[in-house]
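So the structure is just underneath, and the comments pick up after that.
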Amino acid sequence: MKAAIVTFPGSNCDRDLRVAFAAAGFEAVPLWHKETSLPPGTDVVGLPGGFSHGDYLRCGAIAARAPVMGAVAAFARSGGHVLGICNGFQVLCEAGLLPGTLMRNAGLRFVCREVGLAVGTSASPFTAGWRQGARLSLPVAHHDGNFAADDDVLERLFAEERVAFTYTDNPNGSARDIAGVLSANRRVLGMMPHPERATDAALCSTAGAPLFAGLAAALAGQPA
Amino acid sequence: MRARVEVMLKAGVLDPQGEAVRHALGGLGFEGVGAVRQGKLIELDLTATDAGDARAEVVKMCEALLVNTVIERYRIEIVED
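So the protein sequences, as listed, match chains P and H.
Our numbering numbers the first residue of the first sequence as 636 and each following residue consecutively.
Our numbering numbers the first residue of the second sequence as 2 and each following residue consecutively.
This is the structure:
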């Protein structure tokens with residue numbers, strides 16, 4: 636299984652994400668944002684956290700128009716798996732691959748700490764490793780994680796069980812406590828918390844490991 | 002020819018930065034400020050010579066990159082030098 640991890644100018648979690656994918660058994664390869672195609676045999680694309688293009692204009696706005704994103708969008712539209720974390724989530728929203736947008740935190744402060752989460756659905760390749768309603772704790776580190784969308788979009792996300800994670804104690808003002816959302820085909824996930832920073836016991840937590848293990852199992856056609 | 006694009010949050014979208022500015026103005030003793038909305042102004046130098054063409058092109062730029070129409074609205078002003 637191959638995971639292609641995009642590096643934009645200003646990405647800073649790209650290496651962490653490669654390590655997390657590799658620990659779950661993936662061949663994790665770097666992918667520069669100026670590439671116009673994905674490596675042959677790519678099973679999942681990772682869009683990492685960071686501050687692509689200095690967060691200029693809007694977070695993720697310029698990265699969402701990078702050359703590689705044409706290939707990522709085509710990959711997603713043809714049923715490919717894409718995981719966007721933090722800035723990667725912002726990029727996915729700006730690229731139109733997920734609904735809504737991430738606004739400045741309601742408290743205006745950069746929030747960098749562990750937050751409690753509840754798993755909104757286990758019906759996705761990314762969340763199959765948890766029970767619905769399971770609680771976990773993951774790090775967040777962002778200034779713009781305040782998810783916003785029209786009311787009808789929010790209604791639809793919940794009705795279709797596309798809210799992958801909610802905050803148990805909302806750190807940023809996010810609508811309906813949303814921390815992560817899935818695409819309609821459930822193969823694109825964007826989330827503000829950092830599961831890749833919680834995949835190694837030496838770094839004090841493996842709470843994020845089920846995401847990568849579950850994805851590996853789903854791609855291998857096995858139950859998580 | 003120049004274009005000035007004013008980008009503001011849509012009505013109904015909470016603007017925490019504007020709210021913080023309003024709070025700070027109150028702290029400085031400025032009374033009578035009901036609400037503050039903060040946006041951005043983008044100036045573009047254009048080679049187009051026709052105002053209509055320029056406006057049509059800037060609309061495309063707004064929809065493609067400059068504005069996130071989920072939460073923002075925009076107003077274009079074409080300035081002929």
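Quick reminder that beta carbons are idealized off the backbone N, C-alpha and C, glycines included.
Only a predicted model underlies this, so the values are computations on that prediction, with no experimental measurement involved.
| query | result |
| --- | --- |
| Pick from P/V664, P/L682, P/H668 and P/G681: whose alpha carbon is nearest that of P/P674? | P/V664 |
| Less than 7 Å between C-beta atoms, sequence neighbours within five positions excluded: which residues of the same chain meet that for P/M704? | A730 |
| Is H/M62 helix, strand or coil by DSSP? | helix |
| Only counting runs of 3 or more residues, tell me where the beta strand (DSSP E) segments fall wholly within the segment 659-709 of chain P, in order along the chain. | 662-667 and 679-682 |
| Could you check the C-alpha separation between P/Q725 and P/G676 for me, to the nearest Å? | 26 Å |
| For the segment 715-745 of chain P, enumerate the residues whose C-beta is nearer than 9 Å to any C-beta of chain H, in chain order. | C728, E729, P734, G735, T736, M738, R739, N740, A741, G742 and L743 |
| Going along chain P in order, which residues have a C-beta closer than 7 Å to the C-beta of H/I72? | T736, M738 and A783 |
| As an exercise, report each continuous alpha helix (DSSP H) stretch of at least 4 residues that is fully enclosed by the segment 789-843 of chain P, in chain order. | none |
| If I follow the unbroken alpha helix (DSSP H) through H/A21, where does it start and stop? | P17 to G28 |
| Based on Cα-Cα distance, which residue from P/G825, P/R791 and P/A819 lies nearest to P/F800? | P/G825 |
| From H/L10 to P/F782, what distance separates their C-alpha atoms? | 15 Å |
| Please report the straight-line C-alpha distance between H/T48 and H/E58, rounded to a whole angstrom. | 11 Å |
| In the DSSP assignment, what residue or residues form a beta bridge with H/D46? | H/R3 |
| Sort out for me which residues DSSP pairs P/L737 with in a bridge. | P/F782 |
| Taking its Cβ as the centre, do 16 or more other Cβ atoms sit within 10 Å of P/L686, making it buried, or is it exposed? | As written in the sequence, residue 686 of chain P is Phe, which differs from the Leu given in the question. Flag for P/F686 reads buried. |
| Of the choices P/V750, P/S672 and P/W667, whose alpha-carbon is the least far from that of P/M827? | P/V750 |
| Provide the residue span of the beta strand (DSSP E) that contains P/C648, from first to last. | Premise fails: P/C648 is in no beta strand (DSSP E) and is neither H nor E. |
| Would the segment 844-851 of chain P count as touching the segment 753-767 of chain P if we require 3 or more Cβ pairs under 8 Å? | yes |
| Ends of the beta strand (DSSP E) at H/E1? | There is simply no residue 1 of chain H to check, as chain H begins at 2 and stops at 82 in what is shown. |
| Out of P/L733, P/G849 and P/V754, which one is the CA nearest neighbour of P/G613? | Because residue 613 of chain P is not part of the residues shown, which for chain P are 636 to 859, the question remains open. |
| Buried or exposed for P/F745, please, with buried defined as at least 16 other CB atoms from any protein chain shown within 10 angstroms of its CB. | exposed |
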